[in-house]
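K.L.:
If you scroll down you'll find the structure; I have some questions about it.
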Amino acid sequence: MSWYPEVLNGSVRRVVATAQNGLEVVRLGGLETEARPSEFRVVERKPMYRLRRYFADEAADTSRPPVVLVPPMMMAADVYDVARDQGAVGMLHGMGLDPWVVDFGSPATEDGGWGRTLADHILAIDEIVDAVHRHTGRDVHLAGYSQGGMFAYQAAAYRRCKNIATLITFGAPVDTLAALPFGIPAGVASRAADFLADHVFNRLAVTGWMARTGFQLLDPVKTAKSRLEFLRQLHDREALLPREQQRRFLATDGWVAWSGPAVADVLKQFIAHNRMMSGGFVIGDRLVSLAELTCPILAFVGEVDDIGQPVAVRGIRKAAPKAEIFETTLRAGHFGLVVGSLAASQTWPITGEWVRWRDGLGPRPESIEEMSYEDQPATETGVSVSDRLLHTGASIAEVGVGVTKGVFDVTTQAVRGSRELSAEAVRALPRLVRLGQIQPHTTISLGKLLAEAGSRSPKAECFLFDDRAYTNEAVNTRIDNVVKGLISTGVRPASRVAVLMETRPSALTAIAALSRIGAVVVLIPPAGDLETAARLGKAEMVITDPDNLRAAESLGLRVLVLGGGESRVLDIEPDSETIDLERIDPSRVHMPAWYRPNPGRANELAFVLFGRFGGHLEAKHVTNHRWALSAFGTATAANLGRGDTVYSVAPLYHSSVLLATLGGAIAGGSRIALTRGLDPERFATEVHRYGVTVVAYTWTMLRELVDSPDFALDASHPIRLFVGSGMPQGLWLRTMKRFEPAQVLEFYASTEGAVVLANVSGAKPGAKGRPLPGSTPVRIAAYDPIAGTFLEDERGLVRECGVDEVGLLLGQATGSEAISGAVRGVFGAGDAWVPTEHLFRRDADGDYWLMDEKNFVVRALRGPVYGQPIVDALGGLAQVDLAVVYGVPAGEEEVAVAALTLRPGSSLTAVDLADSLAELAPGERPDLVHVVPEIAISNSYRPRRSALAAAGLPAPSVRSWYYDPEKDGYRRLTRAVLTELRAQGSRALTG
């Protein structure tokens, strides 16, 4: 048969060709293609990078827009020049552009490479943008693939887009937790990233072969397919050569090592805490947010990209609300976006057209469109199930693999929800356990928790201020140095030291240093009655800042000055006893034998706070146990974790800040962001720049944001929760509407005793919620607010109130508290309860509602009139800004008067009042209602009613009304009615 020798010869030739080509692959790592890389010149050479300028001999033409290409950290810079005829640099140059490539080299071969951090890479790109702008005189188009695109975003935000014309990214994820490879649940990934950053990559690095293997394992089917195809065609050299450079790049040449610190930074900031979305990532010690990007952006999205998944890539739309953002969607995987035939036919031509369009050199590319972003369910990645199955199924058919990653992706999502549900319980349980283990002699204090945080995560950020981040290590070092200075001036455990300072890092340091010594912190508000506060707090000396130096010296105590910046100048008299703590050299202080850091026990006094009750300044004593209860309770109720940044606008001396905001953040391991004051513009900027997730408030503070016409914070903000106390119900509802989907967590905490209530669900705006787990048991005792006495039963014991009955809130005295105001024999023989200052009711669901302070209840003849229900009812009107209720003597009683202010452009009628107060019983409604120009606000944003009460009954006007019981409505207040009121009290209104 004539055909047999031909077949045999063909088979022999195939075997010989396979053997020859295989030997070449074994010896040289691949087939010789005779291809040469594009020409380039190294323009800048630094320890961190080499800056390549391609086709430098032709670069004299300044009309060519410069494009800087940034590779991923794990991939060689040659990714942009794998094949000259299809590579990025060659094609962009052919379109009239000036391509530059950043070459970070390999940490394994660079001096100090294994110590490189994420910040080193970002700062290198920052330098490179300046260098290219200097060389070309033009703004730079900054582009990056995968993690290189993330670098581009971060460097541009760091520079605030200075000298950057546009940003171009290829498969660069932004919302890293929205769509993780293999469908890994976000909670699992976050905790795993935290663990790896803290315990693995602080010691190890990722070598080149590890990076290559990890990349290949992300799509094992495709990897197997490529290798099998190569083996099948090994006899056909001509068929293999066109893709040989790409194959060699992916198989061996294209991978470089990652330094451990850089990997840890990426895991910590962008996986565990997802700070590219929330903002607040740290470069050096500077805080940065993608919300500050303002230059145009083009993002390439791979439809079947399982690394830079579409949902993750499109996160830039939400993260950078000020930028004009476009996208191009290609049916490609991760690597196919930048290398191969698809990249040559679409990616690089579109990139060139984009650059030319933005520089006014050509039309807008037809294939780009404005990017939109829609929040996806947790199970959605942006790669559709059909796309993934078709893509994976095709590979299976070609390779013959029966079990694949694609199926694993689909099935994994079925268990995502159950894993996420357990995250809060896992975080909360250790806190509740520790809280339950606190005994009277347990050592627990603010200083101790800060020290524990420093030991656990020394490089983690502790607090943020003036766009700077301070690590746990730096904060604890500063605290220890201040401790030495304080001890050298005579501060000892149990010493009472006043702190008279504005909200700034030095104030936090002073408080923590005193806690670390075991001294008692007497927190004096700078704008308050200083002498009375110092006397009530029994202060022995005072720590102040330069701004309050003169006020501190007027107290007649020894003055210690701390903080104020490097350029401060203190005006201290030569014979003054004032001591500048900043001039004390900690290394020269000999520590006494008695010093043990953080000796404070649970039952010992830690803080003295101040508040006005009944118009008088009173001191409130807070033990370490009481502080820890609020700290761990807040962290648990707010589900605070290491990914949160808690923003405090209120001053540190306010009780809710010290107990809940500061304490909760420390107990939860969250970052604390301090600011210089409440300003809508500053708030909007810092929320994004710091990545604020939780905002602390007091009383009516948020109305300055909610109602400000100049306040600009769009729906992309990272805030998830507002935490505080005293917010009126109307403002609560306006806040949730303005900051949707953020929620409000309202607390009630007594400064003495251990009562902590929290409205965790937020389902009942205005309610104070229920007792927190671990807090003391509470009861509402029957109480006559007019007589000021408890109501007893037939046994002589105080009667406990029933459902919706108003009484005085009591907290059970515990052994961990040094209680001076406990009342014994209340509900049973031998029991002990601590009365609060407030009257409450408990509804049928078990939620507690504040009714009034016991000293401010209106004492009317018809019975007590409580102010808070009236304030809540009036606050429900859209026209009302603030409202207060107070009593004014008239005849033999007090008349209930409600004063309110209106929002700009609003008006109020008697019908509006009647409708808003209709749910209250007639006896619970105010006798008079009047609109006032202003309601005074305290330093803690609490509405003050004392001045209005002192002014007496309101004057008759078109904006003053009285309640007419016969008409069951409100009528305009006249002089005649006012005269009768003064003589007869509320009886004048009943005719």
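Take 377 as the starting number for the sequence shown in our numbering and just add one per residue. Every residue, glycine too, gets a C-beta built ideally from N, C-alpha and C.
Are G675 and R690 touching if we call contact CB-CB under 9 angstroms?
P.N.:
For the record, residue 675 in the displayed sequence is Ala; it is not Gly. Yes, the pair counts as a contact, with Cβ atoms nearer than the cut-off.
K.L.:
For the segment 718-731 against the segment 690-699, do three or more pairs of beta-carbon atoms, one drawn from each stretch, fall closer than 8 angstroms, so that the two count as touching?
P.N.:
no
K.L.:
Here's a check: name, in chain order, each residue in its chain whose Cβ is nearer than 8 angstroms to the Cβ of E1368, leaving out the five neighbours to either side.
P.N.:
Because the chain spans 377 through 1367 in this model, residue 1368 falls outside it and cannot be assessed.
K.L.:
Of the choices V1179, F1232, G1201, whose alpha-carbon is the least far from that of W1225?
P.N.:
V1179
K.L.:
Would you mind reading off the limits of the alpha helix (DSSP H) that contains D1340?
P.N.:
Taken as a continuous stretch (DSSP letters only), D1340 belongs to no alpha helix (DSSP H), being part of the beta strand (DSSP E) at 1336-1340.
K.L.:
Taking a contact to mean a Cβ-Cβ separation below 9 angstroms, would you say M424 touches V632 in this structure?
P.N.:
no
K.L.:
Evaluate S794 with the Cβ neighbour count: other Cβ atoms within 10 Å of its Cβ, from every protein chain shown; 16 or more gives buried, anything less gives exposed.
P.N.:
Because S794 carries a pLDDT of 35, less than 50, the predicted location of this residue cannot be relied on, and the following value inherits that uncertainty. The residue is exposed, with fewer than 16 neighbouring Cβ atoms inside 10 Å.
K.L.:
Please determine if the segment 1074-1094 and the segment 1146-1156 are in contact, where contact requires at least 3 C-beta pairs separated by less than 8 angstroms.
P.N.:
no
K.L.:
Three or more C-beta pairs under 8 angstroms: does that hold for the segment 524-537 against the segment 667-685?
P.N.:
yes
K.L.:
Go ahead and label H1214 buried or exposed: buried means 16 or more other beta carbons lie within 10 angstroms of its beta carbon, across all protein chains shown.
P.N.:
buried
K.L.:
Going by DSSP, what residue range makes up the alpha helix (DSSP H) through T438?
P.N.:
Neither: T438 is in no alpha helix (DSSP H) and is coded neither H nor E.
K.L.:
Note the first and the last residue of the continuous alpha helix (DSSP H) segment covering T885.
P.N.:
881-893
K.L.:
Roughly how far, in whole angstroms, is the beta-carbon of D474 from the beta-carbon of R440, given that I think they are within contact range, below 8 angstroms?
P.N.:
4 angstroms
K.L.:
Does the Cβ-Cβ distance between S1024 and A1004 come in under 9 angstroms?
P.N.:
no
K.L.:
Does the segment 1170-1186 come into contact with the segment 1198-1213, if we say contact requires no fewer than three beta-carbon pairs (one atom in each stretch) closer than 8 angstroms?
P.N.:
yes
K.L.:
Span of the alpha helix (DSSP H) holding F431?
P.N.:
Neither: F431 is in no alpha helix (DSSP H) and is coded neither H nor E.
K.L.:
What are the uninterrupted segments assigned as beta strand (DSSP E) that are 3 or more residues long and contained completely in the segment 655-720, given in chain order?
P.N.:
657-659, 662-664, 673-678, 701-706
K.L.:
For L1097, collect the residues of the same chain with a Cβ closer than 8 angstroms to its Cβ; drop the 5 residues on either side in sequence, then sort them by chain order.
P.N.:
A1014, T1069, V1070, V1071, A1118, Q1119, V1120, L1121.
K.L.:
Nearest to P447 by alpha carbon, out of A464, E434, F431?
P.N.:
A464
K.L.:
Given a cut-off of 9 angstroms on the beta-carbon distance, is the pair V918 and A903 in contact?
P.N.:
A distance of 9 angstroms or more separates the beta carbons of V918 and A903.
K.L.:
Excluding the 5 residues preceding and the 5 following T438 in the sequence, name in chain order all residues of the same chain whose CB lies nearer than 8 angstroms to its CB.
P.N.:
T512, G513, R514
K.L.:
Taking 7 angstroms as the limit between beta carbons, can you name the residues of its chain near G655, skipping five residues before and five after?
P.N.:
Apart from sequence neighbours up to five positions away, the residues of its chain that approach G655 with a beta-carbon distance below 7 angstroms are S665, L666, A667, H1064, R1065, Y1066, G1067, P1094, ordered along the chain.
K.L.:
What's the call for H992, buried or exposed, on a 16-neighbour Cβ count within 10 Å?
P.N.:
exposed
K.L.:
If A895 and P869 are in contact, beta carbons under 8 angstroms, what's the gap, nearest whole angstrom?
P.N.:
6 angstroms
K.L.:
Determine contact between the segment 1324-1340 and the segment 1264-1278, defined as no fewer than three beta-carbon pairs at a distance below 8 angstroms.
P.N.:
Yes, since at least three Cβ pairs between the segment 1324-1340 and the segment 1264-1278 fall closer than 8 angstroms, the two stretches touch.
K.L.:
Kindly say whether I1095, judged by its beta-carbon, lies nearer than 9 angstroms to any beta-carbon of chain D.
P.N.:
Here there is only one protein chain, and chain D is not present.
K.L.:
Who are W1209's beta bridge partners in DSSP?
P.N.:
Q1188, V1199
K.L.:
Between the Cα of N979 and the Cα atoms of R1002, Y1242, R959, which residue gives the shortest distance?
P.N.:
When each option's Cα is compared against that of N979, the closest is R1002.
K.L.:
Could you say which of L1038, G1017, A1026 lies nearest to S1006 if we only look at CA atoms?
P.N.:
L1038
K.L.:
Could you name each continuous beta strand (DSSP E) segment of 3 residues or more that falls completely within the segment 820-887, going from the start of the chain to the end?
P.N.:
Listed in chain order, the beta strand (DSSP E) elements of length 3 or more contained wholly in the segment 820-887 are 837-841, 844-847, 872-876.
K.L.:
Check T1356 in the structure and name its three-state DSSP category.
P.N.:
One detail in the question is off: residue 1356 reads as Glu in this sequence, not Thr. DSSP places E1356 in helix when its eight states are reduced to three.
K.L.:
Which residue marks the beginning of the beta strand (DSSP E) containing E1229, and which one marks its end?
P.N.:
Taken as a continuous stretch (DSSP letters only), the beta strand (DSSP E) holding E1229 covers 1224-1229.
K.L.:
Would you identify the three-state DSSP class for R988, choosing helix, strand or coil?
P.N.:
strand
K.L.:
Pull up the distance between the alpha-carbon of L862 and that of L957, whole angstroms please.
P.N.:
8 angstroms
K.L.:
Hey, V516 and I540 are a contact pair by Cβ (cut 8 angstroms); roughly how many whole angstroms apart?
P.N.:
6 angstroms
K.L.:
The beta strand (DSSP E) with V632 in it runs from where to where?
P.N.:
Careful: V632 lies outside any beta strand (DSSP E) and carries neither H nor E.
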